[in-house]
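Here is the structure we will look at, set down as structure tokens.
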Amino acid sequence: MSFLLPGSGSSSSGGGGGSGGSGFGAGGASTPPNASGGLTPPANVSSPDTEADSVLASCGAFAGQIIEISAIANAVKVTIGGAEVRPPYWTPAMIPAHAALPSGQSDHPAAVPTKAGSDVEMTVKIEVTRADGLSGSSTITGRLGSDTWQGTCPSSVGTHDVTVRLSARTTRLASHRGDIVWEADVPGCGRHPLGRTRVEIFRIVEAVNPVYLNRGRPVEGLRFVYDGAGIERADAAASNAWAEITGRITRHLHSGHGMTYDIHRGGVGFLSGGSGGFVFDMTNYIAKTGTNTSATPAVPHMLNCYDQASAVQVFTGIAGIEGHKRYVEPFGYITTTTLVGGIRTNNPFHGSNGSAPVVPKLSPNRTPFGNHEFYMNKAEAKTFDACAGPHMGTETYDAYLAASVDTDMQWVSGVRDGADLQYWRSQWRYGDDYFKIIDIS
1 MSFLLPGSGS
11 SSSGGGGGSG
21 GSGFGAGGAS
31 TPPNASGGLT
41 PPANVSSPDT
51 EADSVLASCG
61 AFAGQIIEIS
71 AIANAVKVTI
81 GGAEVRPPYW
91 TPAMIPAHAA
101 LPSGQSDHPA
111 AVPTKAGSDV
121 EMTVKIEVTR
131 ADGLSGSSTI
141 TGRLGSDTWQ
151 GTCPSSVGTH
161 DVTVRLSART
171 TRLASHRGDI
181 VWEADVPGCG
191 RHPLGRTRVE
201 IFRIVEAVNP
211 VYLNRGRPVE
221 GLRFVYDGAG
231 IERADAAASN
241 AWAEITGRIT
251 RHLHSGHGMT
261 YDIHRGGVGF
271 LSGGSGGFVF
281 DMTNYIAKTG
291 TNTSATPAVP
301 HMLNCYDQAS
311 AVQVFTGIAG
321 IEGHKRYVEP
331 FGYITTTTLV
341 GGIRTNNPFH
351 GSNGSAPVVP
361 KLSPNRTPFG
371 NHEFYMNKAE
381 AKTFDACAGP
391 HMGTETYDAY
401 LAASVDTDMQ
411 WVSGVRDGAD
421 LQYWRSQWRY
431 GDDYFKIIDI
441 S
């Protein structure tokens, strides 16, 4: 909230550790350079299984490798470190960078909308270096945990662009993060390894593009909502998908991320800007290193309702859900609630006067919210509050106010009671909110 008034993984698909590697096969097919320019295969490229080993020994007529993930169908714009990610999504040159990243992360991540159903289609480039006496097509299979991609490739020497599709079409949110292990099933010549490729692919709900995502969806935000808020496995096509996903994000921001409310003066910690719009500092929000200086010494994870409403808006937008913030002024004295940081109170600014978090209703030390900001989804106009409560989208606007404002208080310290609130906006539409977010950093 608000300023004090005067006087008052991991992947559902399984993670793959280590760096992504290239293919190898019988007949001396080469591997891509390692970090020092040599031709030794990366250490994490698994040996082919026993069955493949025996086939290679008896046939020895085919060799090839994956040399690129060229495209991912329907991929939306994604950024990493503020820079737009552009195809290709994997090449051997990326192996050293991937080796330095945590398990399952890529320096070329991707996101695809999944509400209408998605089989995560990719275009891979396969270099066949040996195909003695072979013809027709081979079946290409890539496996990552329980996920399987398949396509067909000519069984002939050359470089081939191959479309591979995830075998299970689904509308559930998921992420595919780790090393895909590839092989070719060659008719008459058995199975042959094609190497490994690192991927990091997130499924989002829809490709909504609010103004603050004009530069793309930051992968740092995607990792935060998948790993922290745990939105995996929600069904994007379900009628209540927006509620489940927004609720998970709201609860994590309120109770799971480790932020705390500014009980001294209700100052911001992660917003900057002016009348033209505000920038939400997503990077430092995730790191819990804000600019709030109300406490001495300063508490870097201290914030207010503007920060929390902005966080819900930004992180749900990254996940593909549209919504807006609602600002109410005056707000009033609050019913006893739990503020972010686990602070149980009906006296939100007790730090300003040394009073208790919960005081008698008519205590002269009781402090109100001069104003308050929260989040409303666009689909059903339900209310979510990651600052106080939390409120999880089960209430309409009016029901939320009735539950949050202590309407027994009448003109105490100049704050109007909840029965006669004057709304900051009598009409609203998406984006028409106070402290409007126009960018993220």
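Residue numbers (UniProt numbering): 1 to 441.
Here a beta-carbon is modelled for each residue, glycine too, at the ideal position from N, C-alpha and C.
Just so you know, these numbers come straight off a predicted model, no measurement behind them.
Is residue i close to the ligand COA? I mean its beta-carbon at under 7 Å from any heavy atom of the ligand.
{"i": "Lys436", "result": "The model depicted lacks the ligand COA and carries no ligand whatsoever."}
Can you check whether the C-beta of residue i is within less than 8 Å of a C-beta belonging to chain D?
{"i": "Ile80", "result": "Among the chains in the structure shown there is no chain D, since it carries only a single protein chain."}
What three-state label does DSSP hand residue i in the structure shown?
{"i": "Ala207", "result": "coil"}
{"i": "Asn284", "result": "helix"}
{"i": "Gly317", "result": "helix"}
{"i": "Asp307", "result": "helix"}
{"i": "Asp330", "result": "Note that residue 330 is Pro in the sequence shown here, rather than Asp. Correct three-state label for Pro330: coil."}
{"i": "Gly258", "result": "coil"}
{"i": "Ser363", "result": "coil"}
{"i": "Gly277", "result": "strand"}
{"i": "Phe224", "result": "helix"}
{"i": "His192", "result": "strand"}
{"i": "Gly82", "result": "coil"}
{"i": "Ile440", "result": "strand"}
{"i": "His301", "result": "coil"}
{"i": "Ile95", "result": "helix"}
{"i": "Val76", "result": "coil"}
Under DSSP, the alpha helix (DSSP H) around residue i begins and ends at which residues?
{"i": "Ala71", "result": "That residue, Ala71, is in no alpha helix (DSSP H); its beta strand (DSSP E) goes 62 to 72."}
{"i": "Val268", "result": "Premise fails: Val268 is in no alpha helix (DSSP H) and is neither H nor E."}
{"i": "His176", "result": "His176 -> not in any alpha helix (DSSP H); beta strand (DSSP E) instead, spanning 175 to 186."}
{"i": "Ser138", "result": "Where Ser138 is concerned, there is no enclosing alpha helix (DSSP H), although the beta strand (DSSP E) it sits in stretches over 137 to 144."}
{"i": "Arg251", "result": "241 to 251"}
Quick check on the burial criterion: 16 or more other C-beta atoms within 10 angstroms. Buried or exposed for residue i?
{"i": "Ser294", "result": "buried"}
{"i": "Gly133", "result": "exposed"}
{"i": "Pro92", "result": "buried"}
{"i": "Ala386", "result": "buried"}
{"i": "Arg86", "result": "exposed"}
{"i": "Ser47", "result": "Annotation note: pLDDT 36 at Ser47 (below 50); position unreliable, no value reported."}
{"i": "Glu200", "result": "buried"}
{"i": "Arg223", "result": "buried"}
{"i": "Pro193", "result": "buried"}
{"i": "Glu183", "result": "buried"}
{"i": "Val358", "result": "exposed"}
{"i": "Ser361", "result": "Ser is not the amino acid found at residue 361; the sequence shown has Lys there. Lys361 is exposed by the Cβ-count criterion."}
{"i": "Thr246", "result": "buried"}
{"i": "Ser404", "result": "buried"}
{"i": "Gly393", "result": "buried"}
Between residue i and the rest of its own chain, which residues show a CB-CB distance below 8 Å, the 5 nearest in sequence each way excluded?
{"i": "Thr152", "result": "Ser137, Ser138, Thr139, Ile140, Val162"}
{"i": "Glu68", "result": "Pro88, Trp90, Thr91, Val124, Lys125"}
{"i": "residue 442", "result": "Because the chain in this structure spans residues 1 to 441, residue 442 falls outside the shown range and cannot be described."}
{"i": "Ser135", "result": "Ser155, Ser156"}
{"i": "Val112", "result": "Ile72, Ala73, Asn74, Ala75, Val76, Ser118, Val120, Ile201, Phe202, Arg203, Ile204"}
{"i": "Thr79", "result": "Val85, Arg215, Gly216, Arg217, Pro218, Val219"}
How about residue i and residue j: do their beta carbons lie closer than 8 Å?
{"i": "Gly230", "j": "Arg217", "result": "no"}
{"i": "Ala243", "j": "Asp235", "result": "no"}
{"i": "Ala174", "j": "Glu127", "result": "no"}
{"i": "Thr316", "j": "Ala388", "result": "no"}
{"i": "Thr260", "j": "Ile204", "result": "no"}
{"i": "Phe384", "j": "Thr250", "result": "yes"}
{"i": "Glu220", "j": "Thr283", "result": "yes"}
Determine the extent of the beta strand (DSSP E) in which residue i is found, giving its start and end residues.
{"i": "Arg215", "result": "Where Arg215 is concerned, there is no enclosing beta strand (DSSP E), given that its DSSP letter is neither H nor E."}
{"i": "Pro113", "result": "110 to 113"}
{"i": "Val164", "result": "158 to 166"}
{"i": "Tyr375", "result": "372 to 377"}
{"i": "Arg130", "result": "122 to 131"}
{"i": "Trp149", "result": "147 to 154"}
{"i": "Leu401", "result": "Premise fails: Leu401 lies in the alpha helix (DSSP H), 397 to 404, not in any beta strand (DSSP E)."}
{"i": "Thr338", "result": "337 to 339"}
{"i": "Asp385", "result": "382 to 385"}
Which same chain residues, not among the five before or five after residue i, have their C-beta less than 6 Å away from its C-beta?
{"i": "Arg172", "result": "Arg233, Asp235"}
{"i": "Val211", "result": "Ile438"}
{"i": "Asp119", "result": "Arg165, Leu166, Arg169"}
{"i": "Ala254", "result": "Note on identity: in this sequence residue 254 is His, with Ala being the wrong assignment. Hits under 6 Å: Val340, Ala386, Pro390."}
{"i": "Gly277", "result": "Lys436, Ile438"}
Can you name, in chain order, every residue of its own chain whose Cβ lies under 7 Å from the Cβ of residue i, other than the five neighbours on each side?
{"i": "Tyr285", "result": "Phe270, Ala311"}
{"i": "Ile263", "result": "Ile343, Pro348, Phe349, His350, Gly351"}
{"i": "Gly273", "result": "Val279"}
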